[in-house]
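Participant: Got a structure for you, questions after.
Number of protein chains: 2
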Amino acid sequence: MISPISAAVLVIGNEILTGRTQDVNLNYIAKKLMGAGIHLAEARIVRDIEADVVAAVNECRARYSYVFTTGGIGPTHDDITADCIAKAFGVSIGIHETARQILEKHYGDPAMLTEARLRMARIPATATLIDNPVSAAPGFRIGNVFVLAGVPSIMQAMFDGVLPNLQGGPPILSKTIGCYVPESLIADDLRKTAENFPDLDIGSYPYFRNGKHGTSLVFRGTKADEIDQALAAFSVAAVQRGFEFAEE
Amino acid sequence: MISPISAAVLVIGNEILTGRTQDVNLNYIAKKLMGAGIHLAEARIVRDIEADVVAAVNECRARYSYVFTTGGIGPTHDDITADCIAKAFGVSIGIHETARQILEKHYGDPAMLTEARLRMARIPATATLIDNPVSAAPGFRIGNVFVLAGVPSIMQAMFDGVLPNLQGGPPILSKTIGCYVPESLIADDLRKTAENFPDLDIGSYPYFRNGKHGTSLVFRGTKADEIDQALAAFSVAAVQRGFEFAEE
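Listed in order, the protein sequences are those of chains V and P.
Per our numbering, the very first residue in the first sequence carries number 1; after that it's consecutive.
Per our numbering, the very first residue in the second sequence carries number 1001; after that it's consecutive.
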C-alpha cells in the first residue's frame, strides 16, 4: 500500500454497463488522486438500481478513506443517486434551500424552475453542497462520500474544487522505463527488483509497437530516491542481458 | 431487468486504478453481451492484491450468471489472477499439461520455455482452457468464471471465442432519439413514457454539441415493437412541445 489514505470511485449508470458510453471519469480521478497522495483502491460500476447503489456505497465508505460517486444527479427519472445516498446513510432527503436558490438564480426566472429541475435541489440531510461552476446544479458531500455529476466536464470541475480539501499523503511518484523485449524475458529480473524494494509498486505492461514486442515497467512510490535506485538496479540487469531500451 | 441472464466484469490491475491505462475491455465486453442477451449488471476494478481479488470473485460469481475477469495472467510477479481464482474456488493450482504443450509449441524450443513463461501454464484444478489465438498463453474457465487476458487484442480474441458458448437471452435491442433541448425539459414526458413501458430501460443522457444543449434518449428492451411504441409515444409529446429533434 503506497499511501495509507485510500479511495474508491463508484460510477453509477446503466450507460457504462450497456457499452453506450466509454467511462472517462475514473481515469481523470485516478490520476489526480495519485498527485494528492491518495491511492485509488477500487472502482465499481453499478446500475441505476437502488439496492445496488446503496450496497456499494455502504461497502465502500466503510472500507476506504474517501468515496467519489459519479452520475445520476440530474433531473430525470433515472437519476436516483441522491435518494440512494440518503438511504445508505439513513437520513431524510428534501429540497436544500441553498441549492434551490442556486438553481433559481441559474435559470433566472422562478417559473423556469420546473418540478424536474427542482429535483436537482434534493439533497440528503446533513450533506454539504459541492460547487458546480459549469451548470450550477450542485453535488454534495456527506461523511466521506462525495457525490459528483456524470458529465465529464462537470465532474472534473466539481472534483477539482474538492480535491484541495482532502487530506492526502505525500504525492505518489512514478517513473516508467521501456524495453523492446517480451515481458516474459524481463520477469525474473523484475521479480528480484520487486523483492528488493518492497515499498514500491512495480508493474509490468506488455505492448506491441513499431513491429516489436516490448514491455513498460512502472516504478511507483512516495520516495524519489528509492524509485531511482530500483530503476537503476533493474537497468543494470537489463544492460547485462543486452536488452534494448525504448522511448516512453 | 431486461434479461434474466446477468454478468459482471472484474478488471484486475493497478494500471487502471493509477490512471496509467484507460480501460477499454469493459466497453468491448458490455456491447457484445447486449447482443447475446446478457445484461452486464456490475463491473469492478480491483488491485493486484490477493484478498481483494478473491473477495470480488466470490461475491460476483455467487450473484451473477457469468463473471469475466481481465488482466493478471501474464508471466510477471504482479500476475496473480490464476492463484487468486484457485483460492476463491478452494482448489489447487499447478502446471496444466495441455497449457504447457501450447506454450512449448508457441516458443518452438523447450529451452525457451523459461520458468517465468511456464507460470502462464499454471491453471487451477478443474478449470478448462480458453484459446488464445493471438499469443498462445491460454485463459481458462472455472465454474461460471472466465479468466481472460488484459491486453485488449488478446482479451477480445478470447472473449469472442467463448461468447458463442454462453447461454444468453433474446438480444437486447436499443434505439436512440436525440432532441436539442435540455434534459430537464424532457424529464416529465420521459418519466410518463417510462411508467407506461415498465419492461423497457429508458435512459437520458445530456450533451452539449454544435453550440446547443441536447439530450440523447435511449430505449432498450428485448421487444422491437415495444421500443417503437415507446419511442413514438415520446415523440408525439416532444412534437407537441415543439422540441427540435437531433441526428444521433
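Just so it is clear, CB atoms sit at the ideal spot from N, CA and C, and this is done for glycine as well.
As the structure is a computational prediction, the values presented were derived from the model and not from experiment.
Whole angstroms is fine: what's the gap from A86/V's alpha carbon to S1235/P's?
Facilitator: Straight-line Cα distance between these residues: approximately 34 Å.
Participant: I want to see whether chain A comes within less than 7 Å of A1238/P, judged by CB atoms only; does it?
Facilitator: The structure shown contains no chain A; the protein chains it does contain are V and P.
Participant: When the cut-off is 7 Å and only beta carbons count, does D1225/P lie next to chain V?
Facilitator: Not an interface residue.
Participant: In angstroms, rounded to a whole number, what distance separates the CA positions of K105/V and I95/V?
Facilitator: Straight-line Cα distance between these residues: approximately 15 Å.
Participant: Report the option in A1237/P, T1176/P and R1241/P whose CA atom is closest to the CA atom of T1215/P.
Facilitator: Considering only alpha carbons, the answer is T1176/P.
Participant: Cα-Cα, which of S1174/P, T1069/P, R1241/P and F1208/P is closest to V1218/P?
Facilitator: Here the closest residue by C-alpha is S1174/P.
Participant: T76/V: buried (16+ other C-beta within 10 angstroms of its C-beta) or exposed?
Facilitator: Buried, by the Cβ-count rule.
Participant: Among residues of its own chain, excluding the 5 on either side of P1124/P, which ones have a beta-carbon nearer than 8 Å to its beta-carbon?
Facilitator: So the list reads A1082, I1085, A1086, F1089, V1091, S1092, I1093, F1140 and I1142, once near-sequence residues are dropped.
Participant: Assuming D189/V contacts A238/V (C-beta within less than 8 Å), just tell me the rounded distance between them.
Facilitator: Sure, about 7 Å apart at Cβ, within 8 Å.
Participant: Where do the ends of the alpha helix (DSSP H) carrying S1235/P lie?
Facilitator: Counting along the chain, the alpha helix (DSSP H) containing S1235/P begins and ends at A1224 to Q1240.
Participant: Under a three-way DSSP split, which group does Y1205/P fall into?
Facilitator: Correct three-state label for Y1205/P: strand.
Participant: What number of angstroms, rounded off, separates the C-alpha of A30/V from the C-alpha of T1018/P?
Facilitator: Rounded to the nearest angstrom, the two C-alpha atoms are 5 Å apart.
Participant: I'd like to know if A1230/P contacts chain V, where contact means its C-beta is closer than 7 Å to some C-beta of that chain.
Facilitator: It does not; no Cβ of chain V falls within 7 Å.
Participant: Using a beta-carbon distance cut-off of less than 9 Å, what residues from the region 1020–1045 of chain P approach chain V?
Facilitator: So the close ones are R1020, T1021, Q1022, D1023, V1024, L1026, N1027, Y1028, I1029, A1030, K1031, K1032, L1033, M1034, H1039, L1040, A1041, E1042, A1043, R1044 and I1045.
Participant: Give the DSSP-derived three-state secondary structure of P152/V in the structure shown.
Facilitator: P152/V: helix per DSSP, three-state reduction.
Participant: Pick from L118/V, A187/V and V145/V: whose alpha carbon is nearest that of A127/V?
Facilitator: For the residues L118/V, A187/V and V145/V, the minimum Cα distance to A127/V belongs to V145/V.
Participant: How about the region 37–44 of chain V and the region 1037–1046 of chain P: do they share at least three Cβ pairs that are nearer than 8 Å?
Facilitator: Flag = yes, the region 37–44 of chain V and the region 1037–1046 of chain P touch.
Participant: In three-state DSSP terms, what is M66/V?
Facilitator: According to the sequence as given, residue 66/V is Tyr; it is not Met. Note: Y66/V maps to strand in three-state DSSP.
Participant: Less than 7 Å between CB atoms is the rule here; does L1148/P satisfy it with respect to chain V?
Facilitator: Closer than 7 Å: no.
Participant: If I measure Cβ to Cβ from E1050/P and keep anything under 8 Å in the same chain, skipping five residues before and after, which residues do I get?
Facilitator: Correct list, in chain order: I1080, D1083, C1084 and K1087.
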